Amino acid sequence: MTDSVKMCVDLRSMPEEARREVEVFHNRTQDKRWKFVSERYSKPIPAVSPMSGTGMELITYWDGSGDQFLQSQIVASLNLPNALTGHNCEHGTSIFAAGVAGLELFKHRMVCDGVPGDAVDMLTTHHVSLHGATVTYLLCCADEKQARANVLKMKAALRILGYIPTANDSTNETFDMQRNGYLITVYHKTNFSHCIFSNEELAETLKARARCIIRIEVYMQGHYLRERGWEALESWRDAYAEGRYEVIFNELVRGLFKLDVVLRHKAPRKEALKNLTATEREIVLAYLAGTPVDALPAIKEGATADARSKIKSKWKKTIRDKLRIDITIPWEQHKKLHHAEMDRLVRYPGDYHPDAVTVAECFCKENWPKLRKRIKKLRSDEAARQTSA
Numbered sequence: 003m004t005d006s007v008k009m010c011v012d013l014r015s016m017p018e019e020a021r022r023e024v025e026v027f028h029n030r031t032q033d034k035r036w037k038f039v040s041e042r043y044s045k046p047i048p049a050v051s052p053m054s055g056t057g058m059e060l061i062t063y064w065d066g067s068g069d070q071f072l073q074s075q076i077v078a079s080l081n082l083p084n085a086l087t088g089h090n091c092e093h094g095t096s097i098f099a100a101g102v103a104g105l106e107l108f109k110h111r112m113v114c115d116g117v118p119g120d121a122v123d124m125l126t127t128h129h130v131s132l133h134g135a136t137v138t139y140l141l142c143c144a145d146e147k148q149a150r151a152n153v154l155k156m157k158a159a160l161r162i163l164g165y166i167p168t169a170n171d172s173t174n175e176t177f178d179m180q181r182n183g184y185l186i187t188v189y190h191k192t193n194f195s196h197c198i199f200s201n202e203e204l205a206e207t208l209k210a211r212a213r214c215i216i217r218i219e220v221y222m223q224g225h226y227l228r229e230r231g232w233e234a235l236e237s238w239r240d241a242y243a244e245g246r247y248e249v250i251f252n253e254l255v256r257g258l259f260k261l262d263v264v265l266r267h268k269a270p271r272k273e274a275l276k277n278l279t280a281t282e283r284e285i286v287l288a289y290l291a292g293t294p295v296d297a298l299p300a301i302k303e304g305a306t307a308d309a310r311s312k313i314k315s316k317w318k319k320t321i322r323d324k325l326r327i328d329i330t331i332p333w334e335q336h337k338k339l340h341h342a343e344m345d346r347l348v349r350y351p352g353d354y355h356p357d358a359v360t361v362a363e364c365f366c367k368e369n370w371p372k373l374r375k376r377i378k379k380l381r382s383d384e385a386a387r388q389t390s391a
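The C-terminal residue of the sequence shown carries number 391 in the working numbering, and the numbering is unbroken.
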């Protein structure tokens, strides 16, 4: 029950006759100068979720070339809360459940294409791999005003820490942080244009709650998953028991805010300065007086840029460990960081559990068995219809 996954289902365990029934959209590449038509390439197949009526796109790939090809894989990026319930206002966090839900949607689509039900049943979670996955953490706030304020505080803190958050083109209060192998997106939801609500009476309740929730989405790219052995969907089956979701949050989200040490926003007392060496004290006093980091005593004495960088790293770590001060952040900005507040705000929230009022409308641990039963029935009904047609 996370927000989205980019998943791949391997069809090669099915009989060839069944694989040939899987729908394919393709085109041919063409060199206009020579009017040369080369191999086919896949095109997205527009589809509609049988559960919510929201749109999806699937891409079918194949083995072989020319006119001799055989369908081998289906790939799609799916927003599972929307695909199953029509919205993502409230939902749980489980990559494994999301992958299983995506597999069930693929199976339903294949049955609609005329693939025999017994062939479709051969596909299991062992045939699913992840080309990308989003872990969504929901942080609840008292009201919409607090949610918006906290998002802006987080954005301001990252700027002070030396990052450049990217504004996201959205009506939501959104910012992105692109890192090596993953993307972190932070916002509180105010745009519901892509949502479809089956229960109009609860729609306003769901929207009101979503406005009070900060969403922290960690999108992990395929190579990031592969490097950690997380590419196979089966590797996520026991992710909660392993503490994986908390590890991801602490390493990637809290790590982004550098919360392993909570930095101070008040100048250290004289007693604390007495415990420093003479050189450390000289550096700290010059830093507190506003001296730029590269002009601080001991650091500026490096003969080369590389030497100064190594000296800077050394004193940065030493002073950070002793005084909780990062000398690479100007003191005037350091005082505005309010790192202790970030430490309280950016805490692992655990799985999200909607209450009894909205649980039946959400993709979550409590409602997932009912949703899965429903989509399986839709598939069996479609298979029966295909057989009798």
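Glycine is no exception: its CB is placed at the ideal position from the N, C-alpha and C atoms. Since the structure is predicted, the reported quantities are computational estimates derived from the model, not experimental observations.
- A residue is called buried when at least 16 other Cβ atoms come within 10 angstroms of its Cβ; Ala85 meets this threshold and is buried.
- Of the residues assessed, Asn277 falls on the exposed side of the cut-off, its CB having fewer than 16 other CB atoms within 10 angstroms.
- Pairing Glu59 with Ile47 gives a Cβ-Cβ distance under 8 Å.
- Contiguous alpha helix (DSSP H) elements confined to the segment 69 to 115 occur at 82 to 87 and 97 to 114, taking only those with 4 or more residues.
- About 27 Å separates the beta carbons of Asn152 and Leu325, which is beyond the 8 Å limit, so they are not a contact pair.
- If only complete runs of 4 or more residues are kept, the segment 183 to 225 shows the alpha helix (DSSP H) at 202 to 213, in order along the chain.
- Boundaries of the beta strand (DSSP E) harbouring Gly134: Val130 to Cys142, taken from the DSSP string.
- In this structure Val249 is exposed. Its beta-carbon is surrounded by fewer than 16 other beta-carbon atoms within 10 angstroms.
- Counted as a single uninterrupted DSSP element, the beta strand (DSSP E) harbouring Ile47 occupies residues Ile47 to Val50.
- A direct Cα-Cα distance of roughly 9 Å separates Ile162 from Pro332.
- Listed in chain order, the alpha helix (DSSP H) elements of length 4 or more contained wholly in the segment 283 to 360 are 307 to 325, 333 to 336 and 341 to 347.
- Between Lys318 and Ile329 a beta carbon distance of about 5 Å is seen, short of the 8 Å cut, so the two are scored as contacting.
- Counting other Cβ atoms within 10 Å of its Cβ, Val7 reaches 16 or more and is therefore classed as buried.
- Taking a cut-off of 8 Å on C-beta distances, the segment 263 to 274 does not touch the segment 219 to 229, as fewer than three cross pairs fall below it.
- Within its own chain, the residues whose Cβ lies closer than 8 Å to the Cβ of Thr320, once the five positions on either side in sequence are excluded, are Glu282, listed in chain order.
- Residue pairing from DSSP places Trp64 in a beta bridge opposite Gln73.
- For Lys8, the beta-bridge partners assigned by DSSP are Ser79 and Gly134.
- Burial is judged here by how many other beta carbons sit within 10 angstroms of a residue's own beta carbon; Thr87 has at least 16 and is buried.
- For Glu248, the enclosing alpha helix (DSSP H) covers residues Arg246 to Ile250.
- Contact annotation, Gly224 with His133: C-beta distance approximately 4 Å; criterion of less than 8 Å satisfied.
- Rounded to the nearest whole angstrom, the CA to CA distance from Arg150 to Ala159 is 14 Å.
- In this structure the segment 199 to 208 lies against the segment 360 to 367, because at least three pairs of beta carbons, one per stretch, are closer than 8 Å.
- Between Tyr289 and Leu140, the CB-CB gap reaches or exceeds 8 Å.
- Residues Val113 and Gly119 of the same chain have their beta carbon placed closer than 7 Å to that of Ala385, with the five preceding and five following residues left out of the count.
- Per DSSP, the continuous beta strand (DSSP E) segment holding Glu175 begins and ends at Glu175 to Gln180.
- Secondary structure note for Val26: it is in no alpha helix (DSSP H), with a DSSP letter that is neither H nor E.
- The three-state secondary structure of Gly164, taken from DSSP, is coil.
- Exclusion of the five residues before and after Ser79 leaves Lys8 as the residues of its chain whose Cβ lies within less than 6 Å of its Cβ.
- Taken through DSSP and simplified to helix, strand or coil, Ser15 comes out as coil.
- Residues Pro52, Ile377, Leu380, Arg381 and Glu384 of the same chain have their beta carbon placed closer than 8 Å to that of His110, with the five preceding and five following residues left out of the count.
- Exclusion of the five residues before and after Val24 leaves Leu13, Thr62, Gln73, Ile76, Met112, Asp115 and Val117 as the residues of its chain whose Cβ lies within less than 8 Å of its Cβ.
- According to the DSSP secondary-structure assignment, Glu59 is paired through a beta bridge with Pro48.
- In the displayed model, Ala20 falls within a helix according to three-state DSSP.
- Secondary structure at Ala169: strand, using DSSP grouped into helix, strand and coil.
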